[in-house]
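The opening residue of the sequence shown carries number 1282 in this note's numbering; numbering runs sequentially from there. Read the structure below first, then the notes.
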Amino acid sequence: MIIMIAAASENNALGKNNELVWHLPNDFKRFKSLTSGHHIIMGRKTFESFPKPLPNRTHIVISRQENYAPQGCIVVKSMAKAIEICPLGESVYIIGGGEIYNLGLPFSDKIELTRVHHNFEADAFFPEINPQDWEIVNSEFQPKDDKHQFDYTYQTYVRK
1282 MIIMIAAASE NNALGKNNEL VWHLPNDFKR FKSLTSGHHI IMGRKTFESF PKPLPNRTHI
1342 VISRQENYAP QGCIVVKSMA KAIEICPLGE SVYIIGGGEI YNLGLPFSDK IELTRVHHNF
1402 EADAFFPEIN PQDWEIVNSE FQPKDDKHQF DYTYQTYVRK
């Protein structure tokens, strides 16, 4: 199963200057829990935004750069190739950024979205989720608190 996992604001903002524009520790924990032990597909800029590769995950980086070969990663030139090299029958997570989500949407079976209830200025955006193609099957509202500056909702979509 191909699963896109993201946190996006009400205006679909993902981040600015290759960084998130909010801090939601519980969302980081959820991301780690869902993606650990799986293949994760990302773009080069998303990979480079990490201080180091994420533990207990197989990193597949999509890049058009010739000779791009970060240690411990599989580098491919297309979303189709990234998916092709993943094990059949296992969950594979597309983790961003904006361009990679647009490329991955047609391949995806499921979306795990954290909807941050605020609008942000950004330079990377999550694609629009077309309700004719996707059905929301789970929604869990999380109110802001002393560690989370914004209300947010975990939403699970499946392709119709």
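For every residue, glycine included, the Cβ atom is placed at its ideal position computed from N, Cα and C.
Under 6 Å Cβ to Cβ from N1299, same chain only, skipping five residues before and after it: list those, please.
-> K1326, S1330
Within 7 Å: the Cβ of S1317 and any heavy atom of the ligand NAD?
-> With respect to small molecules bound, the structure shown includes none, and the ligand NAD cannot be examined in it.
Please go through the same chain and pick out, in chain order, the residues whose beta-carbon is closer than 8 Å to the beta-carbon of H1319, but skip the five residues on each side of it.
-> R1338, T1339, E1371, S1372, V1373, Y1374
Note down the Cα distance separating E1416 from M1360, rounded to an integer number of angstroms.
-> 24 Å
Along the chain, where does the alpha helix (DSSP H) that runs through K1391 open and close?
-> Run containing K1391: none in the alpha helix (DSSP H); it sits in the beta strand (DSSP E), 1391-1397.
Member of D1414, I1392, I1343 whose CA lies at the smallest distance from the CA of F1407 = I1392
Specify the secondary structure class of E1329 as computed by DSSP and reduced to three states.
-> helix
What separation, rounded to the nearest whole angstrom, lies between the Cα atoms of L1305 and L1335?
-> 18 Å
Kindly list the residues whose CB is nearer than 8 Å to the CB of E1291, restricted to its own chain and excluding five residues on each side of it in sequence; keep chain order.
-> R1396, V1397, H1398, H1399, N1400
Starting from the C-beta of A1403, find all residues in its chain whose C-beta is less than 7 Å away, skip the five residues before and the five after it, and write them out in chain order.
-> A1294, L1295, G1296, K1297, V1302
Could you pull out every residue in the same chain whose Cβ sits closer than 7 Å to the Cβ of P1442, ignoring the five residues on either side in sequence?
-> For residue 1442 there is no data in the structure shown, the boundaries of the chain being 1282 and 1441.
Can K1247 and D1432 be called in contact, C-beta distance under 8 Å?
-> What the structure shows of the chain is the stretch from 1282 to 1441, and residue 1247 is not part of that stretch, so it cannot be assessed.
Contacting residues, own chain, Cβ-Cβ under 8 Å from I1364 (five flanking each side not counted) | I1283, I1322, V1373, F1388
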